[in-house]
Structures are given as C-alpha cells and as structure tokens.
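Asks: Quick note: the sequence shown uses our numbering, first residue 37, plus one each step.
Just so you know, even glycine gets a beta-carbon here, dropped at the ideal spot from N, CA and C.
In this text, all values refer to a predicted model and were calculated from it rather than measured experimentally.
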Amino acid sequence: MTFLIVAVWSVIGLVGGMVIAAELAPLFGVRDMEGSSAIFGVFTGAPFGLIAGAWFGYRMAKRGGGDPARRQRFLLATVGVIIALAAGGVVFEMVRTSDYIDTGNQSAMWLNAQIRLPPGVAAPGKDKKIIMELRSDKETRKSSPYSEPDWKLTDGRMQAYSSVEIYRATDKRTLAVTIGEGPTYLFKVKAPARPKKYSYDGDWQTPDGIEGAASGAGEGIEIKVAM
C-alpha cells in the first residue's frame with residue numbers, strides 16, 4: 037500500500053506543481069497565451085511537484101506504521117483530495133476563461149480593419165506604418181509594427197488593411213489608428229462582445245475622437261471593421 041500511496045501523491049504533486057507554475061508564469065515574463073504558460077508549468081513546476089508529492093506520500097505512509105486501517109483511511113483521504121482538486125480545478129478554469137471569446141481553447145480572433153483616406157489624399161510612403169491599437173477594459177494589444185501597408189486605389193480613395201489579435205469578450209472596445217507620425221484616430225468598435233468567427237462585417241465609420249491633433253484634423257478618414 038505504501039507504493040500505491042506514494043504513486044498517487046506523486047501524480048497529485050506533479051499536476052499541482054504544473055498548474056501552480058503555469059498560473060505564476062506571467063510573473064516570470066512568460067506570456068499567458070497560446071500554451072506558453074502551460075509549457076512553463078510542465079518544465080518547471082511539474083518536476084518539483086512530482087518530487088514533493090512523492091516525498092509527502094512516503095512520509096505519510098510510513099507514519100501509518102504497521103496499522104493497515106490507518107493506511108487505508110489515509111488512502112481514502114487521498115482519493116477525496118483528488119476529487120476535490122479536480123472539481124476545484126474545473127471551477128477555477130471556468131471562472132478564469134469566462135471572459136475569453138473562445139472559452140474552449142482561449143485562442144485569438146483577428147480584428148481586421150479596412151482603412152480609407154479622404155478623397156484626393158495620396159497614399160503615405162511605405163515608411164509610414166499603420167499602427168493599430170486595440171483598447172478595451174479587458175486588454176490592450178497592438179498590430180505588428182513590421183508589416184508594410186499596401187495602399188490601393190478603390191472607388192476613388194486610397195485604402196489599406198491592418199489587423200490586431202483579440203482574446204477577451206467585451207463590448208467596450210476602441211481602435212486607435214496611427215499612420216506614420218500623424219495623429220491617432222479613435223474609433224469605437226461596434227462589434228458584439230463575443231462574435232462568432234468571420235460573422236461580423238461592420239459599416240464605414242468616422243473617428244469618435246482624435247489624439248495629438250486639433251479638432252477636425254481627422255475629417256474624412258474612415259475604417260470598416262470585420263471579425
């Protein structure tokens with residue numbers, strides 16, 4: 037029975053160490069997305085948890101001495117701990133992922149924005165990057181600063197695309213769009229809090245606010261959001 041108790045507590049320690057390390061991963065600079073924190077937990081917390089669990093199980097089994105009834109009670113208590121941890125883990129994960137758009141995989145959606153300049157305005161040079169920042173009460177994310185905008189003339193106006201990752205469900209989203217060193221145009225995103233993939237295609241909209249420019253400086257620029 038000693039072997040069984042040690043084996044069970046080894047598994048408890050392994051899983052517990054992995055989960056704890058994964059949850060603490062952001063404190064060590066590990067991104068809490070796309071499995072990075074889970075990998076951190078496997079290679080850091082799991083080994084320590086395995087050793088600690090095995091040691092605890094062995095010590096507790098030996099404390100039972102030659103009393104089979106005491107060992108059996110401890111084994112039953114161990115099973116109870118496993119059930120409690122499993123139930124607690126399920127509840128914790130449900131709470132932790134409740135505000136993700138994809139609560140199953142916690143994977144990203146892409147918010148794509150079509151940007152068009154006022155009529156008659158020429159396209160900026162390739163060195164004038166489009167930086168799009170998603171701002172919400174749940175997260176702040178930026179588009180890639182390395183992609184070059186591909187401006188094309190469509191319906192008499194220069195248009196380009198930009199995109200940004202989005203994870204959290206909320207209806208309080210704002211897009212901040214900056215072209216080169218110009219002002220930052222603020223657009224309130226009208227998409228639902230948790231849209232299905234590729235289900236939302238918004239209308240053209242003008243800025244709701246401007247940062248770094250006098251009032252009216254952004255007249256004519258528009259975006260169209262799709263998710």
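Using a threshold of 8 Å, state whether the C-beta atoms of Asn148 and Ser199 are closer than that.
Replies: yes
Asks: So, do the region 181-190 and the region 201-214 have three or more beta carbon pairs nearer to each other than 8 Å?
Replies: no
Asks: Specify, as a first and last residue, the run of the alpha helix (DSSP H) that Lys98 falls within.
Replies: Ala82 to Arg99
Asks: State the Cα-Cα distance for the pair Lys226 and Ala196, rounded to the nearest angstrom.
Replies: 20 Å
Asks: Give every residue of the same chain whose Cβ lies closer than 7 Å to the Cβ of Pro243, excluding the five residues on either side of it in the sequence, and list them in chain order.
Replies: Tyr221, Leu222, Phe223, Gly254 and Ile257
Asks: Would you kindly work out how many angstroms separate the C-alpha atoms of Phe64 and Phe128, rounded to a whole number?
Replies: 21 Å
Asks: My understanding is that Met145 touches Met263, with C-beta atoms under 8 Å, so please give their C-beta distance in whole angstroms.
Replies: 6 Å
Asks: For Ala57 versus Gly81, is the C-beta distance shorter than 8 Å?
Replies: Going by C-beta atoms, Ala57 is nearer than 8 Å to Gly81.
Asks: Express the C-alpha separation of Thr176 and Asn45 in angstroms, rounding to a whole number.
Replies: Rather than Asn, the amino acid found at residue 45 in this sequence is Trp. Note on geometry: alpha-carbon atoms of Trp45 and Thr176 lie some 41 Å from one another.
Asks: Taking contact to mean 3 or more Cβ pairs, one atom from each stretch, closer than 8 Å, check whether the region 159-174 and the region 211-219 are in contact.
Replies: yes
Asks: Since Pro219 contacts Ile246 with CB under 8 Å, what's their CB separation in whole angstroms?
Replies: 5 Å
Asks: For the alpha helix (DSSP H) holding Trp240, just list the boundary residues, first then last.
Replies: Where Trp240 is concerned, there is no enclosing alpha helix (DSSP H), given that its DSSP letter is neither H nor E.
Asks: Could you give the residue range of the beta strand (DSSP E) that holds Ala144?
Replies: Ala144 -> no beta strand (DSSP E), and no H or E assigned at all.
Asks: Which residue from Ile118, Asp239 and Gly156 puts its Cα closest to that of Gly52?
Replies: The shortest Cα separation from Gly52 among Ile118, Asp239 and Gly156 belongs to Ile118.
Asks: Could you compute how far the alpha carbon of Ala105 sits from the alpha carbon of Ala43?
Replies: 19 Å
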